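Structure first, then comments.
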Amino acid sequence: MAVPTVSSAPASSSMPPAPSPRRLSRPRWLNVRVVGGILLVIAAVVVGARVIGGSARTTGVWAADRNLAAGTVLTAEDLSAAEVNLGDNADLYITSAASPIGRTVVTPLHAGELLAASAVEESASGRVVAVGVEPNNMPPGVGHGSIIDLYLTTGGATGTGGTPTTERIGKDITVQSVTAPATGGLSGATSNRYQVSVMLPAAGADKLVRTLPNGEPIVVLVSGEGG
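When we follow the numbering used here, the leftmost residue of the sequence shown carries the number 3, and every step to the right adds one.
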């Protein structure tokens, strides 16, 4: 009996080989956009930090504590320091690191107004004249930095029968200080009068000194709260 023969021929070699795996690469456009976005975020953070820092930066400057008329010689009681954000305008104002005491106001200042460098100048030479004023001739509210007109009443003394006349002897005078009448103790010749000090050019001061003994001065408040 014949045994069937089994073929041991190898399998067909005509099948295609399996493809080799290929690594995927990131597209270049993705890298550029990501880097650009990161740079924009960093720039926004830096700019925001500068803006916030600049808005929080303040400068110490001087501000008027009261209304001050032109011609007022500044004293320590006229000013107070304030912290404000002036930005690029800080150079236009007098900082609290510099003292304006003794300078003269050249433009009127209102209470709370910042002291600009252009609002004051070095005090010019002049003379201070103290004017003794009866309380009845002194209106309320006159003080340092006020503007007054000064009048003089002459004639009409008791027993003379003359008619008193009043004329203005000074206009828009800036008051530097006011001293109230003294109370108690030994009284001097002028202790019952207000002493109103004004600073005038030498010629004006001499004229006022020569005129005052001829009558009774009267003060009229023009402007200023005084203090």
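For glycine and all other residues, C-beta sits at the position ideal for the given N, C-alpha and C.
Computed from a predicted model, the values in this text were never measured in an experiment.
message = Taking the alpha carbon of VAL231 as the reference point, which residue from GLN197, THR165, ASP174 has its own alpha carbon closest?
response = In the structure as shown, the chain starts at 3 and stops at 229, and residue 231 therefore has no counterpart that could be examined.
Exposed unless 16 or more other CB atoms sit within 10 angstroms - verdict on ASN138:
For the purposes of this step, residue 138 is taken as residue 136 along the sequence shown, with counting starting at 1. Exposed: under 16 other Cβ atoms inside 10 Å.
Q. For the putative contact between VAL63 and ALA46, defined by C-beta atoms under 8 Å, what is the C-beta separation to the nearest angstrom?
A. In the sequence shown, the residue the question calls residue 63 occupies position 61. In the sequence shown, the residue the question calls residue 46 occupies position 44. Contact doesn't hold; Cβ gap of about 33 Å is too wide.
8 Å Cβ shell around GLU115 - same chain, five flanking residues per side excluded:
Residue mapping note: residue 115 aligns to position 113 of the sequence shown, counting from 1. Hits under 8 Å: ALA65, ALA66.
Tell me whether LEU88 sits in a helix, a strand or coil according to DSSP, three-state version.
As a first step, residue 88 must be located in the sequence shown, where it is residue number 86. Looking at LEU88 - three-state DSSP - the assignment turns out to be coil, as it is neither helix nor strand.
Since LEU76 and VAL108 should fall inside the 8 Å C-beta cutoff, what is the C-beta to C-beta distance between them, to a whole number of angstroms? The residue you call residue 76 lines up with position 74 of the sequence shown. The residue you call residue 108 lines up with position 106 of the sequence shown. Incorrect: roughly 11 Å between the Cβ atoms, too far for contact.
At 4 residues or longer, and completely inside the region 120–165: list those alpha helix (DSSP H) runs for me, N to C. none
- Task: Within its chain, find whatever has a CB closer than 6 Å to the CB of LYS173; leave out the 5 residues flanking it on each side and keep chain order.
- Result: Indexing the sequence shown from 1 puts residue 173 at position 171. ASP151.
| said: Quick check: is the beta carbon of THR109 nearer than 8 Å to any beta carbon in chain B? | reply: Checking the listed chains, one finds no chain B in this structure; it contains a single protein chain.
Using only alpha-carbon positions, find the residue among TYR95, ALA71, GLU124, ILE40 that is nearest to GLY104. For the purposes of this step, residue 104 is taken as residue 102 along the sequence shown, with counting starting at 1. For the residues TYR95, ALA71, GLU124, ILE40, the minimum Cα distance to GLY104 belongs to GLU124.
For a quick check, are the C-beta atoms of ALA119 and LEU81 less than 8 Å apart? Taking the first residue of the sequence shown as position 1, residue 119 is located at position 117. Taking the first residue of the sequence shown as position 1, residue 81 is located at position 79. No, the Cβ-Cβ distance between ALA119 and LEU81 is not below 8 Å.
Requested in this report: Mark SER127 as exposed unless 16 or more other C-beta atoms lie within 10 angstroms of its C-beta, in which case mark it buried.
Outcome: To locate residue 127, count along the sequence shown from 1; it is residue 125. By the 10 Å Cβ count, SER127 comes out exposed.
(message) Please identify the residue among ALA92, THR167, LEU88, VAL131 whose C-alpha is closest to the C-alpha of ALA205.
(response) As a first step, residue 205 must be located in the sequence shown, where it is residue number 203. The residue with the shortest Cα to Cα distance from ALA205 is VAL131.
- Give the DSSP bridge partners of THR97, in chain order. As a working note, residue 97 is residue 95 in the sequence shown. Its beta-bridge partners are VAL63.
Requested in this report: State yes or no: is the C-beta of LEU223 within less than 8 Å of the C-beta of SER148?
Outcome: Position 221 of the sequence shown, counted from the start, is the residue given in the question as residue 223. Position 146 of the sequence shown, counted from the start, is the residue given in the question as residue 148. Yes, Cβ-Cβ distance for LEU223 and SER148 is below 8 Å.
- Query: LEU202 and ARG129: beta carbons closer than 8 Å?
  - Reply: Your numbering for residue 202 matches position 200 in the sequence shown. Your numbering for residue 129 matches position 127 in the sequence shown. At a Cβ-Cβ threshold of 8 Å, LEU202 and ARG129 count as neighbours.
inquiry  = Rounding to the nearest angstrom, what Cα-Cα distance links ALA191 and GLY134 in this structure?
reply    = By 1-based counting over the sequence shown, the position of residue 191 is 189. By 1-based counting over the sequence shown, the position of residue 134 is 132. A caution first: ALA191 carries a pLDDT of 46, below 50, which makes its placement in the model unreliable, though a value can still be read off. So the two alpha carbons sit approximately 10 Å from each other.
| What are the boundary residues of the alpha helix (DSSP H) that ASP208 is part of? | In the sequence shown, counting from the first residue as 1, residue 208 sits at position 206. It spans 204–213 - the alpha helix (DSSP H) in which ASP208 sits, taken as one unbroken run.
> beta strand (DSSP E) containing ILE171: first to last residue?
Replying inline: Here residue 171 refers to the residue found at position 169 when the sequence shown is read from its first residue. Segment 167–181, the beta strand (DSSP E) holding ILE171.
Q.
I'd like the span of the beta strand (DSSP E) that includes LEU223, first residue to last.
A. Position 221 of the sequence shown holds residue 223. Looking at the DSSP string, the run of the beta strand (DSSP E) that includes LEU223 is 218–225.
Thinking just about the alpha-carbon of each residue, which of MET140, LEU154, THR176, TYR153 is nearest to the one in PRO183?
For the purposes of this step, residue 183 is taken as residue 181 along the sequence shown, with counting starting at 1. Checked all of MET140, LEU154, THR176, TYR153; the closest Cα to PRO183 is MET140.
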